[in-house]
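Numbering (this note's numbering), first residue to last: 202 to 663. Heads up, the beta-carbon is just placed ideally off N, CA and C, and yes, glycines get one too.
Following this line, the structure appears as structure tokens:
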């Protein structure tokens with residue numbers, strides 16, 4: 202019988218190398234693969250470490266005492282990238298300790314534990330305690346594996362974070378886990394059951410970020426629309442969002458991703474009522490075909506997606522709408538793909554994230570059979586990506602000459618310019634005199650290839 206994750210927890214071995222001297226500064230590098238929740242979790246780990254020990258954070262490309270890689274396992278490519286980064290880190294600093302945490306660690310700990318360059322494998326069930334494990338991890342030459350199965354009655358647990366290193370916008374995790382078990386997805390195994398953060402804790406987290414000068418935050422969750430369902434006194438997402446918008450009128454709020462069937466009138470009303478709710482939604486669409494959606498075990502059908510997107514677009518024509526789409530799901534016919542292509546061509550998407558189907562071990566879809574030929578998958582992905590690029594260019598052209606808010610983010614590859622993110626989630630390049638992290642009003646003035654250049658009209662103080 203295959204071992205469960207409970208069998209993979211190893212007791213920490215006796216110290217095989219000297220412990221670090223008290224007060225010695227630890228050089229640590231962090232890398233995050235995957236979603237916004239992972240970005241939040243990485244900051245949580247960094248925050249906890251900084252509270253327990255003297256810490257100097259360095260770039261991943263620099264020599265370090267410790268490398269912490271927060272992994273993703275949505276696709277086989279993400280797994281491959283994790284292994285590459287871990288090996289790269291050990292080559293850079295042979296005496297370092299390399300820790301892989303997160304979703305890949307949770308779902309395939311044996312595979313990671315077999316890689317010589319990896320010193321510790323810590324799953325999502327133990328990730329919040331990484332900082333507490335570090336004295337032992339740093340003080341032994343033996344490999345540490347800390348992966349357990351999720352408690353079905355687990356509750357949301359995350360520390361407060363008041364800073365996101367190197368970021369102008371902050372992420373706030375309000376929900377984790379998922380109960381849907383879509384046939385292609387490992388998230389239910391990697392992240393556990395759906396769990397919601399309490400309203401009081403969310404408000405405390407937002408207040409901490411506001412107090413530290415953040416002007417925009419993204420509310421993130423694995424199944425954001427499922428917020429509150431596990432809490433005895435849980436609020437539905439639209440009710441929670443209204444409460445946040447009313448309490449924090451100067452904080453710009455953005456949602457991460459949401460399912461089409463959760464784009465409901467009470468949610469859309471908030472976009473009309475509150476200007477500081479960013480006019481942008483990312484839709485977890487996956488397919489426009491009813492039969493494919495059924496095989497995926499998605500909780501909606503194509504018509505619901507059509508209705509949702511049209512309702513969003515009716516709020517305002519410059520509303521940013523993005524979508525995730527999978528091509529090449531087992532058995533996907535040309536007719537089924539055409540349903541998706543037609544939806545993309547007709548609905549007002551401003552960008553697309555197109556993924557080739559990647560069979561994940563342990564999912565129903567991995568055993569469905571009837572695979573789509575690789576050349577057909579490549580062609581379909583190319584068709585949708587080209588459509589997505591066309592829609593994005595059209596969306597950007599329509600932004601020219603129109604003033605809107607943006608958050609100044611970081612330097613970019615174009616000398617003399619900084620990158621900023623507009624309220625409707627487009628990237629613009631603004632003159633370098635702007636303050637990173639600042640809220641500004643910009644007017645896009647020129648579209649050169651895929652680069653949208655904008656003028657700063659005003660620095661916002663409200």
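So what's residue 587 in DSSP terms, helix, strand or just coil? helix
Would you mind reading off the limits of the beta strand (DSSP E) that contains residue 487? 481-487
Quick check for students: name the residue ranges of the beta strand (DSSP E) that lie wholly in the stretch 341-405, counting only runs of 3 or more. Runs of the beta strand (DSSP E) lying entirely within the stretch 341-405, each at least 3 residues long, are 345-347 and 371-374 in chain order.
Just confirm the distance between the C-beta atoms of residue 578 and residue 615, as a whole number of angstroms; I'd bet it's less than 8 Å. The Cβ separation is near 34 Å, so there is no contact.
Along the chain, which unbroken stretches of the alpha helix (DSSP H) at least 4 residues long are found entirely within the stretch 446-532? 466-474, 491-497 and 503-516
According to DSSP, simplified to helix, strand and coil, what is residue 309? Residue state, collapsed to three classes: coil.
State buried or exposed for residue 390, treating a residue as buried only when at least 16 other CB atoms are found within 10 Å of its CB. buried
Keeping to the same chain, check which residues put their C-beta closer than 6 Å to that of residue 464; ignore five residues upstream and five downstream. 509
What do you get for residue 278, buried or exposed, if any count of 16 or more other CB atoms within 10 angstroms of its CB means buried? exposed
Any idea if residue 466 is buried or exposed, counting beta-carbon neighbours within 10 angstroms, 16 or more meaning buried? exposed
Measuring only the C-alpha atoms, how far is residue 557 from residue 596? 25 Å
Going by DSSP, what residue range makes up the alpha helix (DSSP H) through residue 550? If you look at residue 550, you'll find it isn't in any alpha helix (DSSP H); DSSP assigns it neither H nor E.
Relative to the C-alpha of residue 484, which candidate in 526, 329, 254 and 376 has its C-alpha closest? 526
Close beta carbons around residue 500, own chain, < 7 Å, minus the five adjacent residues each side: Around residue 500: 381, 460 and 462.
Write down the C-beta distance between residue 513 and residue 482 rounded to the nearest angstrom, noting that I regard them as a contact closer than 8 Å. Residue 482 and residue 513 do touch by the CB rule: their CB atoms are close to 6 Å apart, below 8 Å.
Alpha-carbon to alpha-carbon, residue 230 and residue 296: Residue 296 and residue 230 have their C-alpha atoms spaced approximately 14 Å apart.
Expressed to the nearest angstrom, what Euclidean distance is found between the alpha-carbon atoms of residue 502 and residue 354? 31 Å
Using the Cβ count rule (16 or more neighbours within 10 Å means buried), how would you classify residue 515? exposed
Exposure of residue 360, with buried meaning 16 or more beta-carbon neighbours within 10 Å: A residue is called buried once 16 or more other Cβ atoms fall within 10 Å of its Cβ, and residue 360, having fewer, is exposed.
Could you have a look at residue 260 and say whether DSSP puts it in helix, strand or coil? coil
Starting from the Cα of residue 473, find the closest Cα among 249, 494, 449 and 443 and give me that residue. 443
Does DSSP put residue 631 in a helix, in a strand, or in coil? strand
Under the assumption that residue 326 contacts residue 564 (Cβ atoms under 8 Å), give the Cβ distance between them as a whole number of angstroms. The Cβ separation is near 20 Å, so there is no contact.
Would residue 388 and residue 422 be called neighbours here (beta carbons separated by less than 7 Å)? no
With a cut-off of 8 Å on the beta carbons, I'd call residue 227 and residue 280 a contact; round off their distance for me. Not a contact, Cβ separation roughly 28 Å.
Quick check on the DSSP output: the beta strand (DSSP E) that includes residue 270 runs from which residue to which? 267-272
For residue 348 and residue 306, which I take to be in contact (beta-carbon distance under 8 Å), what is that distance rounded to the nearest angstrom? 6 Å
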